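*Asks:* Per my numbering: the sequence shown ends with 227, consecutive numbering throughout. Cβ coordinates follow ideal geometry from the N, Cα and C atoms, glycine included. Every value quoted in this text rests on a predicted model; they were computed, and no experiment measured them.
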Amino acid sequence: MERTANSCRTGGADADIFRFAAGDSLATTVASDAVQDFDTGSGRMDLSIFGGSATASAYAEIAVASNAFATLKSAAEAQMGGGAKAVFVAGSSNGWLFWNTDATPGTAEEAVALTGRTSLNDFAVGDLI
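1. CA-CA distance, Asp-144 and Ala-188?
2. In or out: Ile-147 buried (at least 16 other Cβ within 10 Å) or exposed?
3. Report all residues from its chain with a CB closer than 8 angstroms to the CB of Phe-116; omit the five preceding and five following residues, and keep chain order.
4. Name the DSSP beta bridge partners of Ile-160, please?
5. How is Thr-213 classed by DSSP in three states: helix, strand or coil?
6. Under a three-way DSSP split, which group does Ala-132 fall into?
7. May I ask which residues mark the beginning and end of the beta strand (DSSP E) holding Phe-116?
8. Can you tell me which of the three DSSP states Glu-208 falls into?
9. Am I right that Thr-205 and Glu-175 are in contact with their C-beta atoms under 8 angstroms? What's the rounded C-beta distance?
10. On the three-state DSSP scale, how would you describe Gly-192?
11. Could you please give me the residues that DSSP links to Met-143 through a beta bridge?
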C-alpha cells in the first residue's frame, strides 16, 4: 500500500499490527497518520523503536481536556522528559500516541491519532512492540 502524509489506517476483524518506521507519521498536524479502529489488548503498534515489547519505564500516559494538537504534543513531551519514549495522550475527541525516534529526550518526532480513543483505558504499554 502506498502511503501519503495523513494516511488513515484501518485494521481487519482480527488482531492487527500497525507498523511505523521512522519518518512514517511525523508529529505535525499535516504529516501524522490516524488509526480508525484500534482495540487495546488485541491490536499492536510497532513503532520500530523498541527491540521487542516496550517496558513500563519507556511508556507514559496522560489525559488532557483538549484536542488541540500543540497542547497534546506539549503534554506528551513533558512526559518524555522523564524518560518515556512513547506517550499515549487521551484527548477530548481522539487519543494520540507520540514517540521519540532520536537521541534527544523530551521530543516527539512521530505521532498517530487513535480515532475516538479518549480514555486512558484505550491504550496500554502492552499494545506496543
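*Replies:* Per the coordinate set shown:
1. Here residue 144 is taken as the residue at index 46 of the sequence shown, counted from 1. Here residue 188 is taken as the residue at index 90 of the sequence shown, counted from 1. Approximately 19 angstroms, taken between the alpha carbons.
2. Here the question's residue 147 lines up with position 49 in the sequence shown. Under this definition Ile-147 is a buried residue.
3. Numbered from 1 along the sequence shown, position 18 holds the residue referred to as residue 116. Answer for Phe-116: Arg-107, Gly-109, Val-133, Phe-136, Gly-141, Arg-142, Met-143, Asp-144 and Val-210, listed in chain order.
4. By one-based count along the sequence shown, residue 160 stands at place 62. DSSP output for Ile-160 lists Val-187 as bridge partner(s).
5. Residue mapping note: residue 213 aligns to position 115 of the sequence shown, counting from 1. Strand at Thr-213.
6. Position 34 of the sequence shown, counted from the first residue, corresponds to residue 132. Looking at Ala-132 - three-state DSSP - the assignment turns out to be strand.
7. Here residue 116 is taken as the residue at index 18 of the sequence shown, counted from 1. Per DSSP, Phe-116 belongs to the beta strand (DSSP E) from 115–117.
8. In the sequence shown, the residue the question calls residue 208 occupies position 110. Strand.
9. In the sequence shown, the residue the question calls residue 205 occupies position 107. In the sequence shown, the residue the question calls residue 175 occupies position 77. Yes, Thr-205 and Glu-175 are in contact; Cβ-Cβ is about 6 angstroms, under 8 angstroms.
10. The count along the sequence shown starts at 1 and reaches residue 192 at position 94. Here residue 192 is Asn; the residue named in the question, Gly, does not match the sequence. In this structure, Asn-192 counts as strand in the three-state DSSP scheme.
11. Here residue 143 is taken as the residue at index 45 of the sequence shown, counted from 1. Looking at the DSSP assignment, Met-143 forms a beta bridge with Phe-116 and Leu-226.
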